[in-house]
Amino acid sequence: MQFSGKTFKEKYITGEIEFEEIDDYSQEWGFHDDSMTLREYLGLNADEEDAWISIGDDALKELLDKQKQS
Numbered sequence: 000m001q002f003s004g005k006t007f008k009e010k011y012i013t014g015e016i017e018f019e020e021i022d023d024y025s026q027e028w029g030f031h032d033d034s035m036t037l038r039e040y041l042g043l044n045a046d047e048e049d050a051w052i053s054i055g056d057d058a059l060k061e062l063l064d065k066q067k068q069s
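First residue of the sequence shown? That's 0 in numbering that gives the first Met the number 0, and the numbers climb one at a time after it.
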C-alpha cells in the first residue's frame, strides 16, 4: 500500500486538525498492512518521536506548536 495525502503533522501544523487526533492516526496505523513505521505514518522526525516516547504528548505538542508559528 502506498501512503497518500497529508500526514498528521502536516494537518496539525496547518490547523486542519486538533492535536488529540494523534490517537486516531495511531490507531489507523495499526490496521495498515504496509511496512511504514508509526513515525513515518504520522510524519514525525526522529527528535519529535523521541520526545513523544520519552516525555509524552505535551512534549510533542510543544515541538509541533513551535513549527506552527514559524
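Every residue gets a Cβ at the ideal spot worked out from N, C-alpha and C, and that includes glycine.
Nothing here was measured: the structure is a model prediction, and the numbers come from that model.
Asked                                                                                                  : Found
Distance CB(F7)-CB(E20) smaller than 8 Å                                                               : yes
First and last residue of the uninterrupted alpha helix (DSSP H) at D49                                : A45 to S53
Inter-residue Cα distance where the pair is Y11 and D33                                                : 23 Å
Q26 versus G14, E15 and Y40, residue with shortest Cα-Cα distance                                      : Y40
Buried versus exposed, by CB contacts within 10 Å (16 or more), A45                                    : exposed
Buried versus exposed call for D56 [16 or more other C-beta atoms within 10 Å across all chains shown] : exposed
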